[in-house]
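Protein chains in written order, with the working numbering: chain E, 3 to 351; chain C, 14 to 396. Glycine is no exception: its CB is placed at the ideal position from the N, C-alpha and C atoms. See structure below.
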């Protein structure tokens, strides 16, 4: 039986909870916030106060678990899988922030546990809830681009995420750098659109900490549109072009970071280049709200989670394989001076 | 014991120079590098390195004691805000004296002689004077603190680089952006002394300051030792961009005349003004607001009415707050006051002392340094 309102707790009161999860929860009519949980209870209290929220505050989720139907897990990466497993085992539905785990096998274990318990495990791939994700799927299914050729996906900017705990720069806590942090979003989308990755090559700029700032990946998908080749680049240090460009035989489609709720399609009509901006007609709500709503409706049994454990594991397995087979991005400008070669240049002093 | 087998502590590690210092320490095989990190979210570059990121703040001495741990060498590249330059350096020196630190390399700046160093400041023995610029004067005061700590037994070395450029340097990224936006003019035909130092040449000097005992207690100018002008520096970036247009030329006199009846300097009572106005974006934003423009005008008038010595004292405390800038009446671009002061320098600093005592030899000449910058700018999507 599903109660009228979903009694929910939020675990982890860092930046993503403050900026996205809590506002979405407070805005959702079918959710009742029971507790904010953070090992730093001062932080949890401050968050509750800042939004004038009346709820319990606790350093530990375990004593509260009997009062909850569902929980959002927004802890540092390394705690996603173990805590999700524990909470599912206790009979509570989980919406877990990405990445679901640091290792794909742990993500699969979470998925299996949810299935075994008959509970919902949704993974916080909020990008799926921007209109551009669905629009791309529609355009591809329609065959509007013609036979698919290739894609380029660039996403990057100076890292500026004001993490409360600073876990992002610990391999043990974060599992990796730019790839597992937001590359996971892109890979999840790309796999969803173009199918499983059948071949890849991967390079990054990790110098030994395991926290890469830049990564470049060449991919080959074999899915429902046949063989599609692509290139993915992510950066935490430099602004990149910040767009996804999919090239087909008849048209190309572009998603731009500036407007993730639209898709631009370019083609020629009668030899004239034309450009269409596609949008969905539904009202513009935050991707995190839509993600929460998908979680709620999945608990009610009217929808399925947009991303489940097995789907999350697919992207994570690929990232795990990338890290295991990484080559270093050549950085001739970083070589020690004695090894610096004279380079061809246009520069004349 | 080789210093690379001990613990090396780097401040300013999330910045351009400190970041490269950390990379070079890793390349040199340093056993243990600890980097002071004030803003974790800026740590993406050094986050790649197998070093320890230590949260802390130069203004909180307890955090420094903890972060220093068993360090024997300190490379102090941190700056922080205007207050932090002196106080932060003093805090760090105190923490060092209490701990295990032997050698302290202090990153000062040739700008201790001002943005336009006066003739006579070619060598390190030229006496410091108040310049009226908060950054310059506070860097000078910080040198004083370092020298005093040296007298009390810490092995200190002070380096005074000038225009440090290289991959990740905002001199290059900003210049590329400004060129694209047509916001660059050649001042006085670009003849001003640029005093470039490629970041790896500077790191060589830092390492030499640690390795060489004769360095202790000394101050060294560090440049590439080439007479690179601002025209050279700007044209090198134009070549990277394949920038074909002629740059507008502006004379110093013309710029000064343009500034004369423009407001833009805020005096001392507003402590944050220095920091705010150092940010060009905010400065431009402020000047678009009529009330701010009027306030600036009023304060500018008030400031102008004070005697020059008072003005200089105020400026020295809060920083020279650059005047507004933009296209002049005839549509020509007029650079801001900092650019004007920096690019009209005539002094080329001598690196003879560094050569003699540190055995410093700049290994990367300007053409090669610029080529490396170009490669990096391409990789980083700036070109």
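Quick one: grab the DSSP three-state call for residue i.
i, result
"residue 220 of chain C", "helix"
"residue 34 of chain E", "strand"
"residue 44 of chain E", "helix"
"residue 242 of chain E", "coil"
"residue 351 of chain C", "helix"
"residue 121 of chain E", "coil"
"residue 155 of chain E", "strand"
"residue 14 of chain C", "coil"
"residue 214 of chain E", "coil"
"residue 203 of chain E", "strand"
"residue 221 of chain E", "strand"
"residue 277 of chain E", "strand"
"residue 405 of chain C", "Residue 405 of chain C lies beyond the stretch modelled for chain C, which goes from 14 to 396, so this question has no answer here."
"residue 266 of chain C", "helix"
"residue 27 of chain E", "helix"
"residue 251 of chain C", "helix"
"residue 345 of chain E", "Residue placement at residue 345 of chain E cannot be trusted, given a pLDDT of 42 that sits under 50; what the coordinates show is reported in the next sentence. DSSP places residue 345 of chain E in coil when its eight states are reduced to three."
What is the rounded straight-line gap between the Cα of residue i and the Cα of residue j?
i, j, result
"residue 173 of chain C", "residue 141 of chain C", "13 Å"
"residue 146 of chain E", "residue 328 of chain E", "36 Å"
"residue 38 of chain C", "residue 46 of chain C", "7 Å"
"residue 177 of chain C", "residue 171 of chain E", "28 Å"
"residue 79 of chain E", "residue 12 of chain E", "15 Å"
"residue 388 of chain C", "residue 264 of chain C", "33 Å"
"residue 119 of chain C", "residue 74 of chain C", "17 Å"
"residue 237 of chain E", "residue 154 of chain E", "14 Å"
"residue 184 of chain C", "residue 383 of chain C", "12 Å"
"residue 254 of chain C", "residue 324 of chain E", "34 Å"
"residue 159 of chain E", "residue 275 of chain E", "31 Å"
"residue 109 of chain C", "residue 116 of chain E", "54 Å"
"residue 224 of chain E", "residue 197 of chain E", "6 Å"
"residue 218 of chain E", "residue 256 of chain E", "19 Å"
"residue 149 of chain E", "residue 264 of chain E", "22 Å"
"residue 228 of chain E", "residue 221 of chain E", "13 Å"
"residue 290 of chain E", "residue 73 of chain E", "15 Å"
"residue 147 of chain C", "residue 352 of chain C", "16 Å"
"residue 356 of chain C", "residue 241 of chain C", "12 Å"
"residue 349 of chain C", "residue 213 of chain C", "29 Å"
"residue 200 of chain E", "residue 175 of chain E", "29 Å"
"residue 131 of chain C", "residue 91 of chain C", "26 Å"
Verify the CB distance criterion: does residue i have a CB-CB separation below 7 Å to chain C?
i, result
"residue 289 of chain E", "no"
"residue 207 of chain E", "yes"
"residue 182 of chain E", "no"
"residue 67 of chain E", "no"
"residue 334 of chain E", "yes"
"residue 238 of chain E", "yes"
Within 7 Å of any Cβ in chain E, is that where the Cβ of residue i sits?
i, result
"residue 184 of chain C", "no"
"residue 40 of chain C", "yes"
"residue 394 of chain C", "yes"
"residue 79 of chain C", "no"
"residue 60 of chain C", "yes"
"residue 54 of chain C", "yes"
"residue 385 of chain C", "yes"
"residue 215 of chain C", "no"
"residue 16 of chain C", "no"
"residue 389 of chain C", "yes"
"residue 66 of chain C", "yes"
Apart from the five residues just before and just after residue i, which ones in its own chain have a Cβ nearer than 6 Å to its Cβ?
i, result
"residue 294 of chain E", "26, 30"
"residue 116 of chain C", "86, 168, 223"
"residue 258 of chain E", "245"
"residue 67 of chain C", "47, 49, 80"
"residue 249 of chain C", "383"
Is residue i near the ligand GTP, judged by its Cβ being under 6 Å from some heavy atom?
i, result
"residue 129 of chain E", "This structure simply doesn't include the ligand GTP, nor any ligand for that matter."
Please work out which residues of its chain come closer than 8 Å, Cβ to Cβ, to residue i, disregarding the five sequence neighbours upstream and downstream, and give them in chain order.
i, result
"residue 151 of chain E", "230, 231, 249, 250, 251"
"residue 18 of chain C", "44"
Among the residues of its own chain, which have a CB less than 7 Å from the CB of residue i, if the five just before and after it don't count?
i, result
"residue 151 of chain C", "95, 98, 99"
"residue 18 of chain E", "76, 99"
"residue 52 of chain C", "27"
"residue 226 of chain E", "197"
"residue 286 of chain E", "263"
Since residue i and residue j are thought to touch, with beta carbons under 8 Å apart, how far apart are those beta carbons, to the nearest angstrom?
i, j, result
"residue 32 of chain E", "residue 298 of chain E", "5 Å"
"residue 330 of chain E", "residue 207 of chain E", "7 Å"
"residue 309 of chain E", "residue 143 of chain E", "In fact, because the Cβ distance is near 19 Å, the residues do not count as touching under 8 Å."
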